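Notes to accompany the following structure.
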Ligand SMILES: [Fe+2]
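Residue numbers (our numbering): 13 to 249.
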């Protein structure tokens with residue numbers, strides 16, 4: 013019944029100065045098995061996390077979180093595909109979503125240290141990308157991350173058609189958008205000015221709805237401060 017469970021520890025970055033470490037709990041063969049297909053194994057993988065990281069109860073037995081999620085889901089939530097993060101200085105995550113069949117979203121709890129987030133639903137992120145790319149004021153900033161004319165034109169063409177942009181963002185290699193949303197300081201400043209930033213400190217919790225690829229929260233994370241911090245990131249189903 014509880015076979016094939018695993019806890020995988022990974023250094024998260026190719027960046028030499030990023031010591032961030034994460035522990036991920038799941039089952040089966042990664043990238044092959046459909047984890048959502050077996051809720052029971054997911055539940056057992058969650059229990060394995062409970063044993064190794066008893067601080068899991070900060071989420072799993074938090075009456076405010078449980079009441080809120082139950083009111084949204086119409087049932088008691090279960091917490092699966094758990095990740096325990098130790099984000100170190102210079103650590104973080106590029107913009108992405110966490111859509112997984114059968115999952116409603118992700119709950120992230122900052123236990124110590126601090127992180128800075130940009131989080132926006134995909135339609136809103138697309139609005140901001142299009143507005144940014146189509147403003148004359150931002151062409152120098154775009155050229156600083158996409159130096160070739162050909163790349164700049166391809167980005168601007170993508171932004172003329174929402175469906176094309178939406179599909180392109182789901183491609184494993186979406187370099188034109190990555191350059192903008194992950195590596196362009198002016199775009200990040202733009203997102204902050206539009207109210208999409210969150211500064212999480214110990215005790216803060218963020219809920220990230222992940223219903224489907226058209227209605228999910230894209231997010232990027234930056235570790236703040238000089239010391240590593242611990243955080244829990246659990247999928248909700
Ligand atoms: Fe995520």
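Just so you know, even glycine gets a beta-carbon here, dropped at the ideal spot from N, CA and C. Since the model is a prediction, treat every value here as computed from it, not as a measurement.
Taking the C-alpha atoms as reference points, what is the distance between residue i and residue j?
i	j	result
residue 202	residue 48	36 Å
residue 104	residue 19	20 Å
residue 93	residue 57	7 Å
residue 225	residue 134	8 Å
residue 179	residue 213	34 Å
residue 165	residue 148	14 Å
residue 117	residue 87	14 Å
residue 137	residue 68	31 Å
residue 46	residue 215	33 Å
residue 177	residue 141	10 Å
residue 183	residue 16	30 Å
residue 173	residue 217	35 Å
residue 83	residue 51	21 Å
residue 37	residue 89	17 Å
In this structure, how does DSSP classify residue i when only helix, strand and coil are distinguished?
i	result
residue 113	coil
residue 180	helix
residue 62	helix
residue 213	strand
residue 126	strand
residue 38	strand
residue 11	With the chain covering only 13 through 249, there is no way to say anything about residue 11.
residue 49	helix
residue 191	helix
residue 185	coil
residue 30	coil
residue 14	coil
Where do the ends of the alpha helix (DSSP H) carrying residue i lie?
i	result
residue 144	134-145
residue 204	197-205
residue 167	161-170
residue 155	151-157
residue 79	75-85
For residue i, collect the residues of the same chain with a Cβ closer than 6 Å to its Cβ; drop the 5 residues on either side in sequence, then sort them by chain order.
i	result
residue 189	181
residue 98	33, 240, 242
residue 53	39
residue 234	104, 128
residue 65	96
Go through its chain and collect everything with a Cβ distance to residue i's Cβ below 8 Å, but skip five positions before and after it.
i	result
residue 237	101, 125, 126
residue 175	none
residue 29	101, 102
Can you find the residues in the same chain that come closer than 7 Å, C-beta to C-beta, to residue i, ignoring five residues on each side of it along the sequence?
i	result
residue 198	150, 153
residue 71	77, 91, 119, 121, 244, 246
residue 163	188
residue 21	33, 35
residue 25	32, 103
residue 27	102
Starting from residue i, trace the beta strand (DSSP E) in both directions and tell me its first and last residue.
i	result
residue 22	17-23
residue 94	91-99
residue 235	227-236
residue 242	241-248
residue 106	104-108
Is there at least one Cβ from chain B nearer than 8 Å to residue i's Cβ?
i	result
residue 78	Going by chain labels, chain B is absent from the structure shown, which holds only one protein chain.
Any heavy atom of ligand 3 closer than 7 Å to the Cβ of residue i?
i	result
residue 110	Among the ligands present in this structure, namely ligand 1, ligand 3 is not found.
- [ ] May I ask you to verify whether the region 145-160 touches the region 107-120, counting CB pairs closer than 8 Å and requiring at least 3?
- [x] no
- [ ] Inspect the CB distances between the region 127-147 and the region 204-223 and report whether three or more fall short of 8 Å.
- [x] Between the region 127-147 and the region 204-223, the count of Cβ pairs shorter than 8 Å is three or higher; the stretches touch.
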